[in-house]
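Protein sequence lines correspond, in order, to chains W and D.
When the first sequence is numbered by this note's numbering, its final residue is 400 and no position is left out of the sequence of numbers.
When the second sequence is numbered by this note's numbering, its final residue is 1249 and no position is left out of the sequence of numbers.
Glycine included, C-beta positions come from ideal geometry on N, C-alpha and C.
Remember, predicted model here, so these are calculated numbers, not experimental data.
Data block below; observations after.
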Amino acid sequence: MVDVAILLSVGRHPVSGRARRAPTDARALEMALGLPAVRRTALHAGDPASPALRDYLGMGLDRLTVLAMAHGCDPVEPLAAHLRSLSPGIVLTGNRAEGGEDSGMLPYRVAHTLGVAIVPDVVAITVEAGGGAAEVVQALARGQRRALRVALPFVATIHPAAPSARPSAFGPARRGRIDSVPVEAPPDAFLAACAARPWRDRPKRLTVGAPGSGGALDRLRAATEAKAGQGRLLVGPSPDEAALAIYECLQEQGVLPR
Amino acid sequence: MSEQHPTARRRDPRAERAARTVRVEPRRRLVLSVDVVPQTGGRPRRDPRARRAEAIVQSVPRLRLDWTGKAVGASALPTVEGRGPRAASEPVLRVIDDPACLLFAVLDRPDGALSGHDRQVLAAARLLADAAGGAVVAVVPDGGEDLGALGADRVLPLPAAWADEYAPERRAAAVAAAIARWSPRHILFAESQDGGDLARRVAVACGERLFAGVESLSSARAARRAGGGATELGCAPPRLLSIAADAVAPLGAVRHEARRLDPPPEPDGVPALQGARRLPVDPDGVGLGEADFIVSAGNGVTDWDAFAALGRALGATRAGSRVVCDAGHLPRDRQVGASGTVVSARCYLAFGIAGAPQHLQGIGGVERVIAVNTDLHAAMIKRADLAIIADAQAVMPALVRLARERGHG
Ligand SMILES: Cc1cc2nc3c(=O)[nH]c(=O)nc-3n(C[C@H](O)[C@H](O)[C@H](O)COP(=O)(O)OP(=O)(O)OC[C@H]3O[C@@H](n4cnc5c(N)ncnc54)[C@H](O)[C@@H]3O)c2cc1C
Ligand SMILES: Nc1ncnc2c1ncn2[C@@H]1O[C@H](COP(=O)(O)O)[C@@H](O)[C@H]1O
């Protein structure tokens, strides 16, 4: 039995630009709903009137605490101060927000301010019987998974490969309560120093050919000629010879243990 | 035809006639003796045949010409296996003894080898260093690579074991200690999974903000994508930045000295993340685009039980050509090729696949291809690194048996 806090931000639909649940934050909430928790606290720092917050309530939350602050302020201090008063065992966040700075720094900064460990890219959490530690599973590239043991309390960021979030239902979304707590937050100077302009797609960089070697001819050749293999050829071996050759080649490549 | 020297001058008949003219009135009179004719004519004479011979890069299987003037004549060096015999000039060693500032390139070395992304980070660091007269310090778990050829002036080695182990906290502590010791002007990371995690840990340890996932970089401006992909944030390159994959082109032929610095002290303190271990995954549950090792079937496979057993025995993700998916032997999401999935596996084992262009497009990024086919002239055989001319139905059970003997599956 643990005490779980979930940090929820407001996402932005990539095509229409409308506010929505941020995808990994919704997965974090889904994971929190599946944990054997004594208390779940959902926190958002920002505008309490944002309609997207109701989508989170529609997933089955009773209430959502919003630390009301102006746009363009740094949410780390108020969130950390609020979390310190709650002292939850597990803090779940998305691994990347959508629509803000999107740097994925917030969980790290919150964890650092609270002085607790951070586990990135989590897809599953099992709390051990005593409630003193948890077994977490991380998603790696190429579909691989890694398991770790972490002592509570910790902050975990949720990977997009985590189980998908349940849909938001209208009734609970209307019934859920939004508690607004006004807070003081300093303006985000780092973000204010950056110039923002609409994103324009750049042409994809051609990565063919050895860089800097030769001229256009080499690049053309690398781009157009079909890649030829090293060309070891066995003609008409017995099945066992063929199997052995394949097996050794696989071992050499490192996909099979030696 | 007489031998033409490249420096021979072009004859100028008008000038010759003018030189031989002695009188124009009342009628033109010319001297006929030869020695009056000026020897130096007008423009130098070009020899198109010699020029063309010099431009030949290869003559078999097809004639290829390079008019940029850099090619060496094919007559001098016979073409080898279709590659242009261009003399690779060795880059000269660049030593930066007294740098104006230091730049850290914190490299990832995933799975114990430098990745293409790591090279791009070094190239980005080089770009910023050359503008500021600085030196690039590669901060990397110790390994055998020649970092000087990748653009590093100094190397700050971290313990070699950290490349394979999952030790993000110790890595971050070591990098933060090195930053405190050397105070570099910029610290660059790779925005990969582990590199991005390390970058954020170092950023909070230094109490600074990270400019994450830089998509375009010059010495004056760094830009990244934000606002759910809708906005571009730009500023002068900040102190900590992480470079997105394929945002910066890797360096060409360079040579730097890669002088080793004293490693930072090993951080003490017990890490909170412990007992990391890889979990076994169901290979068929992995998306085809992500899969690392694929065994693939084509129209030459008829024994589907043996194929399934092979996938299990080798722990490989199963896939097939379009014919196989059309026939319903495998689901559609297992189709490799232009109208299926473009795969990026390390190893691709193909049974009975002819290698149609649409299929080969799907395996363009595969590192090693092994093909088993009864037809010696199939395109797949040409593409393969190991090609076996044998019946797939006989090889598959033999391979399953061998894998079981060696203790897999
Ligand atoms: C628009 C378009 C898109 C397409 N997209 C794709 C795509 O995405 N992916 C794709 O795969 N195809 C695609 N195709 C189809 C493609 O052109 C080929 O038809 C297909 O790839 C052929 O599949 P195959 O090699 O399995 O079969 P085949 O061409 O029939 O080749 C079978 C091979 O197996 C060998 N063989 C036969 N018996 C044995 C045996 N006992 N042991 C070993 N070898 C044996 C034969 O020698 C032959 O080389 C596309 C086609 C079009 C027109
Ligand atoms: N204003 C906010 N209120 C609550 N949680 C937030 C807020 N901003 C970001 N987060 C959380 O931090 C994660 C990473 O955010 P970011 O660092 O902005 O990319 C998000 O997925 C959220 O879980």
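{"Check": "P918/D classed as buried or exposed, judged by whether at least 16 other C-beta atoms fall within 10 angstroms", "Outcome": "Residue placement at P918/D cannot be trusted, given a pLDDT of 44 that sits under 50; what the coordinates show is reported in the next sentence. The residue is exposed, with fewer than 16 neighbouring Cβ atoms inside 10 Å."}
{"Check": "Close beta carbons around A1039/D, own chain, < 6 Å, minus the five adjacent residues each side", "Outcome": "F1029, L1050, S1082"}
{"Check": "Buried versus exposed, by CB contacts within 10 Å (16 or more), Q898/D", "Outcome": "buried"}
{"Check": "R1186/D: contacting residues in chain W (beta-carbon distance under 7 Å)", "Outcome": "Q395, V397"}
{"Check": "Span of the beta strand (DSSP E), counted from its first residue to its last, around H186/W", "Outcome": "179–188"}
{"Check": "Neighbour list for L1028/D in chain W, Cβ cutoff strictly below 8 Å", "Outcome": "Simply none; closest approach about 15 Å."}
{"Check": "Contact set between C1075/D and chain W, taken where Cβ atoms lie within less than 7 Å", "Outcome": "A335, C336, A337"}
{"Check": "Three-state secondary structure assigned by DSSP to E125/W", "Outcome": "Because chain W in this structure spans residues 143 to 400, residue 125/W falls outside the shown range and cannot be described."}
{"Check": "Inter-residue spacing [alpha-carbon to alpha-carbon] between V1240/D and A1230/D", "Outcome": "16 Å"}
{"Check": "Between the CA atoms of P999/D and A914/D - distance to the nearest angstrom", "Outcome": "The predicted position of A914/D is uncertain, since its pLDDT is 42 and thus under 50; a value taken from the coordinates is nonetheless stated next. Each residue's Cα considered, the two are about 49 Å apart."}
{"Check": "Distance cut-off 7 Å: T207/W Cβ against heavy atoms of ligand 2", "Outcome": "no"}
{"Check": "Close-in-space but distant-in-sequence residues of the same chain around L987/D (CB under 6 Å, 5 per side omitted)", "Outcome": "A978, V995, A1098"}
{"Check": "Cβ neighbour criterion (16 or more within 10 Å) applied to F312/W", "Outcome": "exposed"}
{"Check": "Straight-line gap, P939/D to G973/D (C-alpha atoms, nearest Å)", "Outcome": "6 Å"}
{"Check": "Reference D1004/D, options G1202/D, V1235/D, R1117/D, closest by Cα", "Outcome": "R1117/D"}
{"Check": "Three-state secondary structure (DSSP) of Q286/W", "Outcome": "coil"}
{"Check": "Test: I1229/D CB closer than 8 Å to a CB of chain W", "Outcome": "yes"}
{"Check": "Below-8 Å beta-carbon distance, M173/W vs any chain D residue", "Outcome": "no"}
{"Check": "Span of the beta strand (DSSP E) around A1062/D", "Outcome": "1062–1066"}
{"Check": "Own chain, CB closer than 8 Å to A821/D, minus 5 neighbours either side, in chain order", "Outcome": "Residue 821/D cannot be examined here, being either before or after the span of chain D that is shown, 841 to 1249."}
{"Check": "Any chain W beta carbon closer than 8 Å to D958/D", "Outcome": "no"}
{"Check": "Bridge partner(s) assigned by DSSP for F332/W", "Outcome": "Beta-bridge pairing links F332/W to no other residue."}
{"Check": "Proximity test, E219/W beta-carbon vs ligand 2 heavy atom, cut-off 7 Å", "Outcome": "no"}
{"Check": "Ligand 1 heavy atom lying under 7 Å from the CB of A1218/D", "Outcome": "yes"}
{"Check": "Buried or exposed by the 16-neighbour rule on C-beta atoms within 10 Å, applied to G1155/D", "Outcome": "buried"}
{"Check": "Other residues of its chain near A184/W: CB distance less than 6 Å, five sequence neighbours each side excluded", "Outcome": "I148, L150, L203, L206"}
{"Check": "3-residue-minimum beta strand (DSSP E) runs that sit fully inside the stretch 1009–1052 of chain D, ordered along the chain", "Outcome": "1026–1030"}
{"Check": "Near ligand 2: H155/W beta-carbon under 7 Å from a heavy atom", "Outcome": "no"}
{"Check": "Residue range of the unbroken alpha helix (DSSP H) whose run includes I1221/D", "Outcome": "1219–1223"}
{"Check": "Contacts that V377/W makes with chain D (C-beta to C-beta distance below 8 Å)", "Outcome": "L1216, I1229"}
{"Check": "Contact set for R1158/D: own chain, Cβ-Cβ below 8 Å, skip 5 residues either direction", "Outcome": "P1123, D1124, I1134, V1135, S1136, A1137, F1147, A1148, G1151, L1170, R1174"}
{"Check": "DSSP-derived helix/strand/coil call for S1083/D", "Outcome": "The identity of residue 1083/D in the sequence shown is Ile, whereas the question assumes Ser. Reduced to three states, the DSSP call for I1083/D is strand."}
{"Check": "F1147/D beta carbon near ligand 1 (any heavy atom closer than 7 Å)", "Outcome": "no"}
{"Check": "8 Å Cβ cutoff, E219/W in contact with chain D", "Outcome": "no"}
{"Check": "Rounded separation between R891/D and R849/D - CA only", "Outcome": "16 Å"}
{"Check": "Any chain W beta carbon closer than 8 Å to A858/D", "Outcome": "no"}
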